[in-house]
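Colleague:
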Amino acid sequence: MAKTKPGKKDLDSYTIKGTNKVVKVGDCVLMRPSDSEKPPYVARVEKIEADHRNNVRVRVRWYYRPEESIGGRRQFHGAKELFLSDHYDVQSAHTIEGKCTVHSFKNYTKLENVGAEDYFCRFEYKAATGGFTPDRVAVYCKCEMPYNPDDLMVQCEGCKDCCRTGCLMSCFLDAIVPQKMMLRDL
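Structure follows, in structure tokens:
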């Protein structure tokens, strides 16, 4: 943890204004955007400190939504997907609206029920360059896209490959249409 500047003190926690929810270092939070039409920003709290007037500020590490990244949202990005960025900032603790949970991709896919405050992260994002870590992930299906937990996947009993239902229908039609054409030619 970075040293605290003179006249400031580190805090162990902060209670979100108007609630009984307590935020600690390492927690993920929802932060109020300046534009009320936008969804809340998501960040991980790295430090909590108060100045001599007891104004509380938080140092946060931002999560980006796919559409906020240089490459934009792609077909395989889940609706609740976030990228942990290398972008840090200091904000007033009063902008914290609530707490949320950012799961690993693996843990998110095992959730029985995904709540409104559940998100997942499988990439770290370098905001200045648009680079990702890891820069490669496993691909599935005929479309060779990474797994999107929002899409229903079906596993073939024969080959054990997984396929998106939309692609499965396409494969089915690709197999049936040529057969129908051959039958007409007879």
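All residue numbers for the sequence shown refer to full-length UniProt numbering, where the first residue is 1 and numbers rise by one.
The C-beta atom is built at its ideal place from N, Cα and C for all residues, glycine as well.
Measure from the alpha carbon of residue 58 to the alpha carbon of each residue in 79, 72 and 88, then state which is nearest.
Modeller: Of the candidates 79, 72 and 88, the one whose C-alpha sits nearest the C-alpha of residue 58 is 88.
Colleague: What span of residues does the alpha helix (DSSP H) with residue 106 cover, start to end?
Modeller: It spans 105-109 - the alpha helix (DSSP H) in which residue 106 sits, taken as one unbroken run.
Colleague: I'd like to know if the segment 8-22 and the segment 39-55 are in contact, where contact means that at least 3 CB-CB pairs between them fall below 8 angstroms.
Modeller: Enough Cβ pairs lie closer than 8 angstroms, so yes.
Colleague: Would residue 124 and residue 133 be called neighbours here (beta carbons separated by less than 8 angstroms)?
Modeller: At the C-beta level, residue 124 and residue 133 come within 8 angstroms of one another.
Colleague: Using DSSP bridges, identify the partner residues of residue 89.
Modeller: In the DSSP assignment, the residues bridged to residue 89 are 60.
Colleague: So does the segment 57-73 actually touch the segment 82-96, counting three or more Cβ pairs closer than 8 angstroms?
Modeller: yes
Colleague: Look at residue 42 and residue 108 and say whether their C-beta atoms are less than 8 angstroms apart.
Modeller: no
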